[in-house]
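Mapping the sequence shown onto UniProt numbering, position 226 (from 1) lands on 226, and the numbers just tick up by one. A virtual CB, placed ideally from N, CA and C, is assigned to each residue, including glycine. Notes follow once the structure below has been shown.
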Amino acid sequence: MSSKMKPTNKKVQKIVQNVVDKRKKKVDVGKKAVSKQLSEPEDEVMEDIPDSDEDDVFKKLQRVMDEDSDNSDSQEHEAENENEDSDSDLPSDFENEMAVEEDDGEDEEDEAEDEESLKKDIEQHKKDMQALKERDPEFYNFLQKEDDGLLGFGESGDEDGPEKVGSSDDEGTYSDMEEPEELDNDKQQAAVPVLTKAELNGWVEAIKSNKDFKAFKKLLSAFKTAARMSEEDDNITFAFKIEDPTVFSKVITSALRLAPGVFAHHLKPKKENGSPMTSGRWSFFKSYIKSYLNNLLHLLRNLTDAEMLRLTIREAEKCTNLFVCFDRLAKEYLKTLLNSWSNLVSTDIVRVQAFLSIKSLATCTVPVSKGVNPQGYLDLCLKNVYLTFVKNCKNTNLHTLPVINLMRNLAVQLYGINPVLSYQQGFVYIRQLAIHLRQAMKVRSTKNHNMVYNWQYIHCIDFWSDVLNAYAGNMINEEGEVMESPLRALVYPLTQVAVGVIQLIPTAQFYPLRFHVLRSLNSLIHNTNVFVPLATYVLEVLEGTVAMEKAKQSNTGTPTDWDLVLKVNKKSIHGRMYQDEVLDQCAKALKNYYKEYSYHIAFPEMVDADIIALKRFVKQSKSMKGKEKLAKLAKDLEAKAKFVRQQRSKISFSPENDAEVEKFNSDLKAKMT
Numbered sequence: 001m002s003s004k005m006k007p008t009n010k011k012v013q014k015i016v017q018n019v020v021d022k023r024k025k026k027v028d029v030g031k032k033a034v035s036k037q038l039s040e041p042e043d044e045v046m047e048d049i050p051d052s053d054e055d056d057v058f059k060k061l062q063r064v065m066d067e068d069s070d071n072s073d074s075q076e077h078e079a080e081n082e083n084e085d086s087d088s089d090l091p092s093d094f095e096n097e098m099a100v101e102e103d104d105g106e107d108e109e110d111e112a113e114d115e116e117s118l119k120k121d122i123e124q125h126k127k128d129m130q131a132l133k134e135r136d137p138e139f140y141n142f143l144q145k146e147d148d149g150l151l152g153f154g155e156s157g158d159e160d161g162p163e164k165v166g167s168s169d170d171e172g173t174y175s176d177m178e179e180p181e182e183l184d185n186d187k188q189q190a191a192v193p194v195l196t197k198a199e200l201n202g203w204v205e206a207i208k209s210n211k212d213f214k215a216f217k218k219l220l221s222a223f224k225t226a227a228r229m230s231e232e233d234d235n236i237t238f239a240f241k242i243e244d245p246t247v248f249s250k251v252i253t254s255a256l257r258l259a260p261g262v263f264a265h266h267l268k269p270k271k272e273n274g275s276p277m278t279s280g281r282w283s284f285f286k287s288y289i290k291s292y293l294n295n296l297l298h299l300l301r302n303l304t305d306a307e308m309l310r311l312t313i314r315e316a317e318k319c320t321n322l323f324v325c326f327d328r329l330a331k332e333y334l335k336t337l338l339n340s341w342s343n344l345v346s347t348d349i350v351r352v353q354a355f356l357s358i359k360s361l362a363t364c365t366v367p368v369s370k371g372v373n374p375q376g377y378l379d380l381c382l383k384n385v386y387l388t389f390v391k392n393c394k395n396t397n398l399h400t401l402p403v404i405n406l407m408r409n410l411a412v413q414l415y416g417i418n419p420v421l422s423y424q425q426g427f428v429y430i431r432q433l434a435i436h437l438r439q440a441m442k443v444r445s446t447k448n449h450n451m452v453y454n455w456q457y458i459h460c461i462d463f464w465s466d467v468l469n470a471y472a473g474n475m476i477n478e479e480g481e482v483m484e485s486p487l488r489a490l491v492y493p494l495t496q497v498a499v500g501v502i503q504l505i506p507t508a509q510f511y512p513l514r515f516h517v518l519r520s521l522n523s524l525i526h527n528t529n530v531f532v533p534l535a536t537y538v539l540e541v542l543e544g545t546v547a548m549e550k551a552k553q554s555n556t557g558t559p560t561d562w563d564l565v566l567k568v569n570k571k572s573i574h575g576r577m578y579q580d581e582v583l584d585q586c587a588k589a590l591k592n593y594y595k596e597y598s599y600h601i602a603f604p605e606m607v608d609a610d611i612i613a614l615k616r617f618v619k620q621s622k623s624m625k626g627k628e629k630l631a632k633l634a635k636d637l638e639a640k641a642k643f644v645r646q647q648r649s650k651i652s653f654s655p656e657n658d659a660e661v662e663k664f665n666s667d668l669k670a671k672m673t
């Protein structure tokens, strides 16, 4: 490069340096003005902030400082690019040199305008702080205690001011200036202090005594370390190291127990039982809450100890009103709870605690705000609880059946919260069962039959049967009036589906499935007082070859567990053991079915034909042992029918009088029990 270009090169370097100085001034003033409590929520804290009208003033200041910080980042990037351009070869023509000199003058004018605007901002900030001091001295004292630099905005007395950062003595580029800070951060992470039990106890006492947020901030930092110790990520930095297992346990338990109370203390809603989002301090504590909830979810996903997991789920339930303020976190929370509820390795106490937390999430009031689901999470909980149940009931055996029954009994409780919403969910999924059944009846193939004759399908029938058993009766509305539950309309379609399942493949191999469905329908009759002619499907079995023909004597095989199988082996259906078991199931099914109508005024007409069928079976069957219970059942039914006729002979009202019929039925039931 020629000697004539040297002045031009120096001039360009001076211009670039002036730009850097100007940008750095604004960055450093912003850094002094905004406290670390606002810019670094995971590392700084705030004391108990009193309620005041000046919250808006502080919010405005925070918003302005955030904008300045964002602008400064982009401006720093521009300065860095300009500095990099200065190292490249410059054009040697005179016109470009003049353009550089003109840009220098424009930059000086822009710098003057920026300085004038900054002075105005400083003056306005001073006025706002003075007004805050007069109206709320307590809040002003808090700010003065936490960060005096926030009150002295623009009055820089630091030696490391903007002038030093962008001084002309610095010969390197802007990107070169950041390298020492990165080295300092590496050294700082290498020297992370080890948390001691005494230090932790001091934090806990300070939080318990006066809800000290400084101590609570440190506890949150330690909680982050404890919750994410299993992660191996260089991008995650920790403020403390935890080496003592006792300290680890106490950090988790202390944070879980104290966090809900501290957040509730600082975030008092404007309305009773309102959302914490309505508090004037929400914008200050939002980032702290979000960080805590993220760490809490990570802890829930990685805990393996059953007792610690139960404790964590129980304490996390107290933060449900905070989870619903963040839609994404609420869904992650629900997903984590569903995993603990349905996991086969979970203990029953963990499973119950997880469901209670799911129920709290489903019933929690959700604030109307941007980014939050205003409809609440009941619909989402109902859907995912049912689908999770279906997913985990595929394999049914001696070990999994108790877990499946517990899951079903717990899940049913959710469907009593909102009968209208439960009806909508039930309608969709019962219709889905009906579609599978229709396809299997329409196209007779092994694939379609297997879509119906499996444990998932049968457990679904049991599930909706339990829902209708619990909530399909009469209900009381808000006005105290007795009304019919919307769920009662689902009794008929569910019954049709269940009967269709029985009739799909009416062979002896699937008798266990038939009696399983009959038990579900019988419970539906008992709890909803509907009439379903189930005796027909039991008498069909008595007319089949298994019940009528003489069984083969066989000493091999094991008894059938009628709660754990849906299909038996063909080799077993002609044995005496299976024949006796089938007849025993028939006797139990008929006895339980007739028990529901034995006190009804029309009971004699209901059982007369069935008594004849039972007597004919007992006479014609070649069974050696199984028919004895059915013969006894026929005699019992005859005796009950005779008793009802005797009581009915004393009445003087006609069958059209419904009120008298109901009274007769209730009186007869009292006499027979």
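Cα-Cα separation between Q424 and P367, rounded to whole angstroms: Position 424 of the sequence shown, counted from the first residue, corresponds to residue 424. Position 367 of the sequence shown, counted from the first residue, corresponds to residue 367. Looking at the two C-alpha atoms, the distance is approximately 24 Å.
Short Cβ contact (8 Å threshold) for I313 with L258: In the sequence shown, the residue the question calls residue 313 occupies position 313. In the sequence shown, the residue the question calls residue 258 occupies position 258. Contact: no.
Whether L583 touches L614 by CB criterion (8 Å): As a first step, residue 583 must be located in the sequence shown, where it is residue number 583. As a first step, residue 614 must be located in the sequence shown, where it is residue number 614. No, these two residues do not count as a Cβ contact at 8 Å.
Contact under 8 Å by Cβ, N321 with F223: As a position in the sequence shown, residue 321 is number 321, starting the count at 1. As a position in the sequence shown, residue 223 is number 223, starting the count at 1. Contact check for N321 against F223 fails: the beta carbons are separated by 8 Å or more.
Enclosing beta strand (DSSP E) for V482 [first to last residue]: Counting from one through the sequence shown, the residue named residue 482 turns up at place 482. Run containing V482: 482-484, per the beta strand (DSSP E) assignment.
Nearest-angstrom Cα separation, counted from V501 out to Q646: Against the sequence shown, residue 646 aligns to sequence position 646. Against the sequence shown, residue 501 aligns to sequence position 501. Approximately 40 Å, taken between the alpha carbons.
Endpoints, alpha helix (DSSP H) assigned at M577: Along the sequence shown, read from residue 1 onward, the residue named residue 577 stands at position 577. If you look at M577, you'll find it in the alpha helix (DSSP H) that goes 576-595.
Spatial neighbours of M672 in its chain, beta-carbon cut-off 6 Å, leaving aside the 5 residues before and after: The residue labelled residue 672 in the question sits at position 672 within the sequence shown. For M672, where only same-chain residues beyond five positions count, the Cβ hits under 6 Å are Y599.
8 Å contact criterion, which L564 and L398 should meet: CB distance rounded: Against the sequence shown, residue 564 aligns to sequence position 564. Against the sequence shown, residue 398 aligns to sequence position 398. Going by Cβ atoms, the distance from L564 to L398 rounds to 6 Å, so yes, they are a contact pair.
First through last residue of the beta strand (DSSP E) which encompasses I476: Working through the sequence shown from its first residue, we reach residue 476 at position 476. In this chain, the beta strand (DSSP E) harbouring I476 covers 474-476.
Separation of L637 from S485, as counted between CA atoms: The sequence position of residue 485 within the sequence shown is 485, counting from 1. The sequence position of residue 637 within the sequence shown is 637, counting from 1. Straight-line measurement puts the Cα of L637 at about 34 Å from the Cα of S485.
P533, buried or exposed, once every other Cβ within 10 Å from all chains shown has been counted against 16: Within the sequence shown, numbered from 1, the residue matching residue 533 stands at position 533. Exposure of P533 is indicated by the presence of fewer than 16 other C-beta atoms within 10 angstroms of its C-beta.
Buried versus exposed call for Q503 [16 or more other C-beta atoms within 10 Å across all chains shown]: On the sequence shown, position 503 is the one that residue 503 refers to. Q503 comes out exposed.
Within the stretch 526-574, ranges of the alpha helix (DSSP H) (whole runs, at least 4 residues): The qualifying runs are 535-542, 545-548.
Boundaries of the alpha helix (DSSP H) in which V661 is found, first to last residue: In the sequence shown, counting from the first residue as 1, residue 661 sits at position 661. Boundaries of the alpha helix (DSSP H) harbouring V661: 658-672, taken from the DSSP string.
Sufficient close CB pairs (3 or more, under 8 Å) joining the stretch 340-351 to the stretch 399-414: The stretch 340-351 makes contact with the stretch 399-414: 3 or more CB pairs, one atom from each, lie closer than 8 Å.
Which listed residue (H266, A354, G274, W282) has its alpha carbon closest to that of M308: The residue labelled residue 308 in the question sits at position 308 within the sequence shown. Closest option to M308, Cα to Cα, is A354.
Contact under 8 Å by Cβ, Y578 with T560: For this step, residue 578 is matched to residue 578 along the sequence shown. For this step, residue 560 is matched to residue 560 along the sequence shown. Cβ atoms of Y578 and T560: closer than 8 Å.
For D667 and L453, the rounded distance between their alpha carbons: Mapped onto the sequence shown, residue 453 falls at position 453. Mapped onto the sequence shown, residue 667 falls at position 667. The sequence as given places Tyr at residue 453; Leu does not occur at that position. Between the alpha carbons of Y453 and D667 lies a distance of about 43 Å.
Environment of R310 [buried if 16+ CB atoms lie within 10 Å]: Taking the sequence shown and counting its residues from 1, the one referred to as residue 310 is at position 310. Buried.
Beta-carbon gap between I458 and A508 smaller than 8 Å: Within the sequence shown, residue 458 is the residue found at index 458, counting from 1. Within the sequence shown, residue 508 is the residue found at index 508, counting from 1. For I458 and A508, no; Cβs fall outside 8 Å.
Sequence-distant residues of its chain with Cβ nearer than 7 Å to K260 (five each side left out): Indexing the sequence shown from 1 puts residue 260 at position 260. For the record, residue 260 in the displayed sequence is Pro; it is not Lys. Apart from sequence neighbours up to five positions away, the residues of its chain that approach P260 with a beta-carbon distance below 7 Å are K318, C319, ordered along the chain.
Backbone CA spacing between E181 and L387 [nearest angstrom]: Locating residue 181 in the sequence shown gives position 181, counting from the first residue. Locating residue 387 in the sequence shown gives position 387, counting from the first residue. Residue confidence for E181 is low, a pLDDT of 40 falling below 50, so the modelled location carries little weight; the figure read from the coordinates is stated next. Counting only the Cα atoms, L387 lies some 51 Å from E181.
From Y511, Y377, Q456, V482, residue whose alpha carbon lies closest to that of T545: Along the sequence shown, one-based indexing puts residue 545 at 545. Taking only the C-alpha atoms, the option nearest T545 is Y511.
Nearest-angstrom Cα separation, counted from P276 out to V517: Position 517 of the sequence shown, counted from the start, is the residue given in the question as residue 517. Position 276 of the sequence shown, counted from the start, is the residue given in the question as residue 276. Just so you know, the alpha carbons of V517 and P276 end up roughly 48 Å apart.
Rounded separation between K595 and M606 - CA only: Taking the sequence shown and counting its residues from 1, the one referred to as residue 595 is at position 595. Taking the sequence shown and counting its residues from 1, the one referred to as residue 606 is at position 606. About 12 Å.
Sequence-distant residues of its chain with Cβ nearer than 8 Å to residue 749 (five each side left out): Summary: the structure shown does not reach residue 749, with the chain confined to residues 1 through 673, and so no result is reported for it.
Closest residue to F240 among E199, T396, S279 (Cα-Cα distance): Numbered from 1 along the sequence shown, position 240 holds the residue referred to as residue 240. Ranked by Cα distance from F240, the options E199, T396, S279 are led by E199.
Own chain, CB closer than 7 Å to N384, minus 5 neighbours either side, in chain order: For this step, residue 384 is matched to residue 384 along the sequence shown. The residues are L334, L338.
Cβ-Cβ distance between V412 and Y377 below 8 Å: Here residue 412 refers to the residue found at position 412 of the sequence shown. Here residue 377 refers to the residue found at position 377 of the sequence shown. Not in contact: V412 and Y377 (Cβ atoms no closer than 8 Å).
Reduced DSSP secondary structure (H/G/I, E/B, other) of K622: Start at 1 with the first residue of the sequence shown, and residue 622 comes out as number 622. DSSP places K622 in coil when its eight states are reduced to three.
Same chain, Cβ closer than 6 Å to P493, five either side skipped, listed in chain order: For the purposes of this step, residue 493 is identified with residue 493 of the sequence shown, where counting begins at 1. Closer than 6 Å at Cβ, skipping near neighbours: I430.
Cβ-based neighbour list, H526, same chain, cut-off 6 Å, excluding 5 preceding and 5 following: Residue 526 sits at position 526 when you count from the first residue of the sequence shown. Cβ neighbours of H526 beyond the five flanking positions: E596.
Closest residue to L299 among K211, R228, V247, G426 (Cα-Cα distance): To locate residue 299, count along the sequence shown from 1; it is residue 299. Nearest in C-alpha terms to L299, of all of K211, R228, V247, G426, is R228.
C-beta atoms of A472 and V499 nearer than 8 Å: Within the sequence shown, numbered from 1, the residue matching residue 472 stands at position 472. Within the sequence shown, numbered from 1, the residue matching residue 499 stands at position 499. It is not a contact, given that the beta carbons lie outside the stated cut-off.
Contact check, Y292 vs L220, beta carbons under 8 Å: The residue you call residue 292 lines up with position 292 of the sequence shown. The residue you call residue 220 lines up with position 220 of the sequence shown. With respect to L220, Y292 sits close: the two C-beta atoms are nearer than 8 Å.
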